[in-house]
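As you go down the protein sequences, you meet chains A and B in turn. If you want this note's numbering, it's the 1-based position in the first sequence plus 299. If you want this note's numbering, it's the 1-based position in the second sequence plus 11.
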Amino acid sequence: MTSPPADSSPTVLRLHRLSRRRAGRVAVQELSLDLQRGQVLGLLGLNGAGKSTTLSMIAGALRPDSGGIELNGEDFLEQPELARTQIGWLPERAPVWAELSVEEHLDAHGRLRGLNGATLRQARIAIIERLELQPLARRLAGVLSQGQRQRLGLACALLHRPALLVLDEPANALDPVQVAALRALIREQAAAGTAVILSTHLLAEVTAVCDRVAILHEGTLRHDGPVSAGDHAALEKTFFAIAMNGVARAA
Amino acid sequence: MSHAYANTVAIARLEWRRLLVRPLAWVLAALTLAWLAWNFTLLLGSFLAGQIQRAAQPDGPGFTDLVGVPLLGQLAQLAFLVVPLLTMSTLAGERRNGTLALLFAAGVPAWRIVLGKYLAVSGWLLLWLALALAMPLALAHATHFDWGKLAAATLGLALMLAALAAIGVACSSFAAHPALAAAAALVIALALWSVNLGAQMAGVNGGAVNWLAMSTHLQPLLRGLVSSADLVWFALLIVLALALAARRLGADKERG
């Protein structure tokens with residue numbers, strides 16, 4: 300396995316031998332990795348590689364069977380309430396409360412994350428402007444397209460300015476213009492010091508926005524290393540070598 | 012405001028808002044209140060028709076016995092249907108929708124999620140009770156009320172609604188589909204109400220089976236008798252149902 304680069308920035312997230320079984324099989328096994336402030340980590344893998352399970356555990360929605368998660372030096376499993384202010388999570392398919400409007404969603408998420416009064420109002424206005432959700436602000440979430448829901452989910456994840464942003468396939472259902480805007484937003488968040496971890500199936504997504512890439516295969520970490528915009532061919536080679544090796548072994 | 016309190020309030024506000032914008036809650040309120048209003052006029056008509064005969068009986072039943080309490084009794088019957096429908100989506104709907112994970116990811120413990128949902132539903136039910144109660148109270152200036160009896164009956168109804176809401180939330184926490192939650196809550200509530208039916212038919216009026224039945228604890232309150240044993244029974248039922256719901260929800264986070 301390739302080692303991650305040394306980085307002097309403070310560590311926001313540290314996974315230590317994280318394991319989880321789901322539906323009777325190993326979903327994630329002995330996963331260890333660190334994520335520094337301002338770093339964007341891309342999580343790659345085939346379907347069922349354990350990406351979403353890993354992100355659910357990091358977000359606090361799922362408890363690991365064993366291992367540890369440290370968030371800004373504190374034990375996250377012992378203090379799950381840390382998620383409230385420090386983590387923003389966009390789950391796969393961005394679930395919404397269909398009967399609430401976009402604004403009501405943001406208010407509900409804000410209150411759950413400890414915002415209220417004028418602070419909540421300002422945060423809501425700012426994120427609506429930033430994600431250009433003004434035309435949708437009064438619309439019910441149930442009638443939004445999947446791409447619009449995705450943007451709403453992203454707004455909810457960013458509303459409280461978390462230290463760690465966890466994005467599960469954020470480019471799902473977005474059009475090319477929105478994908479470009481999403482990439483700019485992720486880089487902007489990283490520049491502001493937010494640590495970002497995103498899972499995707501798209502190698503181009505990783506080379507476009509990530510500083511680092513981790514490749515999961517059958518629940519284990521097979522590669523963790525730096526990546527940049529010019530590395531597409533090398534990344535593709537590494538990814539297919541890992542994925543096809545697994546397929547060959549399975550056959 | 013402490014985090015624990017703020018989280019519970021945030022969940023309650025969210026659920027309350029969802030109740031207010033969903034047609035189901037409004038349709039249930041409109042239909043049941045219309046039904047109760049119609050029955051109120053019938054009860055009132057009957058009360059007025061028998062007024063002259065009752066004038067000869069100084070200790071005979073009054074407005075509270077013949078109109079107020081029977082109206083609350085009808086609300087109790089409606090509650091068996093209304094409460095399961097209102098509570099069915101509280102947790103089962105969130106789970107199906109994928110939004111339960113969002114609540115966990117906000118660092119809200121299972122028991123606070125359950126408590127917040129329960130408070131919102133209970134608030135709606137108390138409002139429903141208050142609107143039903145407003146019908147006889149509208150005539151307070153024109154008739155003589157037995158305030159003590161009416162207060163005891165109202166307390167009984169409030170406790171019954173709170174208990175049914177707790178059962179409904181618990182069923183919703185266990186069920187994979189809201190309709191299953193509603194069916195389970197209805198069956199459990201009916202079973203709890205009539206568990207002593209067989210014993211009563213056999214002439215047995217005490218014992219554990221009678222203690223277990225909700226009717227044993229509600230009927231004295233409807234007659235104006237407030238006993239701490241009855242209040243404790245309702246409190247135990249509510250705490251037990253909510254604890255089961257919180258436990259089941261906590262297991263959701265463990266199991267994924």
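Virtual Cβ for every residue (Gly too), placed ideally from N, Cα, C.
Would you please state the rounded distance, in angstroms, between the beta carbons of residue i and residue j? I believe it to be under 8 Å.
| i | j | result |
| --- | --- | --- |
| A/Ala494 | A/Ala462 | 7 Å |
| B/Ile249 | B/Ala173 | 6 Å |
| A/Gly366 | A/Leu332 | No, A/Gly366 and A/Leu332 are not in contact; Cβ-Cβ is about 11 Å, not under 8 Å. |
| B/Ala112 | A/Ser318 | That pair is no contact at about 20 Å. |
| B/Val180 | B/Thr110 | With a Cβ gap of about 16 Å, B/Val180 and B/Thr110 do not count as contacting. |
| A/Ala393 | A/Leu458 | So it is not a contact: roughly 14 Å between Cβ atoms. |
| B/Thr19 | B/Leu126 | 5 Å |
| B/Ala194 | B/Ser183 | In fact, because the Cβ distance is near 11 Å, the residues do not count as touching under 8 Å. |
| B/Ala121 | B/Leu260 | 4 Å |
| A/Glu504 | A/Glu391 | The Cβ separation is near 14 Å, so there is no contact. |
| B/Thr165 | B/Leu144 | 6 Å |
| B/Met99 | B/Ala200 | In fact, because the Cβ distance is near 13 Å, the residues do not count as touching under 8 Å. |
| B/Val78 | B/Leu54 | 5 Å |
| B/Ala40 | B/Trp139 | 6 Å |
| A/Pro379 | B/Gly73 | The Cβ separation is near 57 Å, so there is no contact. |
Quick one: what's got a C-beta closer than 7 Å to residue i's C-beta in the same chain, skipping five residues either side?
| i | result |
| --- | --- |
| A/Arg383 | Arg412, Gly413 |
| A/Leu381 | Leu370, Glu373, Phe375 |
| B/Leu35 | Leu96 |
| A/Val508 | Val339, Arg482, Ile485, Arg486 |
| B/Thr52 | none |
| B/Arg258 | none |
| A/Thr301 | Any reading at A/Thr301 needs caution, since the residue's pLDDT is 49, under 50, leaving its predicted position unreliable; the model's value is listed next. Within the same chain, A/Thr301 has close Cβ partners His522, Asp523, Gly524. |
I'd like to know whether the C-beta of residue i is nearer than 8 Å to at least one C-beta of chain A.
| i | result |
| --- | --- |
| B/Leu130 | no |
| B/Thr19 | no |
| B/Leu25 | yes |
| B/Gly109 | yes |
| B/Arg259 | no |
| B/Arg28 | yes |
| B/Val180 | no |
| B/Ala262 | no |
| B/Ala103 | no |
| B/Phe245 | no |
| B/Arg65 | no |
| B/Leu113 | yes |
With a threshold of 8 Å between beta carbons, is residue i in contact with chain B?
| i | result |
| --- | --- |
| A/Leu402 | The sequence given here places Glu at residue 402 of chain A; Leu does not occur at that position. By this cut-off, A/Glu402 is not an interface position. |
| A/Ala550 | Legend: pLDDT at A/Ala550 = 45, less than 50; position of this residue unreliable, no value from coordinates given. |
| A/Ser355 | yes |
| A/Pro394 | yes |
| A/Ala542 | no |
| A/Glu373 | no |
| A/Arg448 | no |
| A/Glu398 | yes |
| A/Gly618 | Since the first and last residues shown for chain A are 300 and 550, residue 618 of chain A lies out of range. |
| A/Pro379 | yes |
| A/Pro461 | no |
Please state whether the Cβ-Cβ distance between residue i and residue j is less than 8 Å.
| i | j | result |
| --- | --- | --- |
| B/Ala186 | B/Leu203 | no |
| B/Lys264 | A/Leu361 | yes |
| A/Leu286 | A/Gly529 | Summary: the structure shown does not reach residue 286 of chain A, with chain A confined to residues 300 through 550, and so no result is reported for it. |
| A/Leu439 | A/Leu399 | yes |
| A/Leu342 | A/Leu515 | yes |
| B/Trp27 | B/Ala141 | no |
| A/Arg423 | A/Gly409 | yes |
| B/Val206 | B/Val220 | yes |
| B/Leu197 | B/Phe91 | yes |
| B/Met146 | B/Leu82 | yes |
| A/Gly347 | A/Ala490 | no |
| A/Gln449 | A/Asn471 | yes |
| A/Gly359 | B/Ala116 | yes |
| A/Gln335 | A/Thr352 | no |
So residue i contacts chain C; which residues on that side make the cut at Cβ distance below 7 Å?
| i | result |
| --- | --- |
| B/Ala117 | Given the protein chain composition of this structure (A and B), no chain C is represented. |
Tell me which residues share the same chain as residue i and place their Cβ nearer than 8 Å to its Cβ, disregarding the 5 neighbours each side in the sequence.
| i | result |
| --- | --- |
| B/Leu236 | Ala163 |
| A/Ile368 | Leu312, Arg313, Leu314, His315, Leu317, Met356, Ile357, Asp374, Phe375, Leu376 |
| B/Pro252 | Per the sequence shown, the amino acid found at residue 252 of chain B is Ala instead of Pro. Ala174, Ala177, Ile178, Val180, Ala181. |
| A/Ala456 | Gly387, Trp388, Leu389, Leu464, Val465, Leu466 |
Closer than 6 Å by C-beta to residue i: which residues in its own chain qualify, once you throw out the five before and the five after it? Chain order, please.
| i | result |
| --- | --- |
| B/Leu8 | The requested residue 8 of chain B is not part of the displayed model; chain B covers only 12 to 267. |
| B/Ile22 | Ile124, Gly127 |
| B/Gly61 | none |
| A/Gly518 | Val325, Ala326, Val327, Gln328, Gly349 |
| A/Gly441 | Ala397 |
| A/Leu419 | Gly409 |
| A/Asp510 | Gln338, Val339 |
- [ ] Report the residue ranges of all alpha helix (DSSP H) runs contained in full by the region 307-383 of chain A; include only those spanning at least 4 residues, in chain order.
- [x] 350-358
Open item on the list: Please give me, in chain order, every unbroken run of the beta strand (DSSP E) with length at least 3 that falls completely inside the region 434-472 of chain A.
Closed with: 463-467
- [ ] Please specify which runs of the alpha helix (DSSP H), each continuous and at least 4 residues long, are wholly inside the region 110-139 of chain B, giving them in chain order.
- [x] 111-116
TODO: Can you check the region 42-110 of chain B for any alpha helix (DSSP H) of at least 4 residues that lies completely inside it and give the ranges in chain order?
DONE: 62-66, 80-98, 103-108
- [ ] Counting only runs of 3+ residues fully inside the region 506-533 of chain A, write out the beta strand (DSSP E) ranges in chain order.
- [x] 511-516, 519-525
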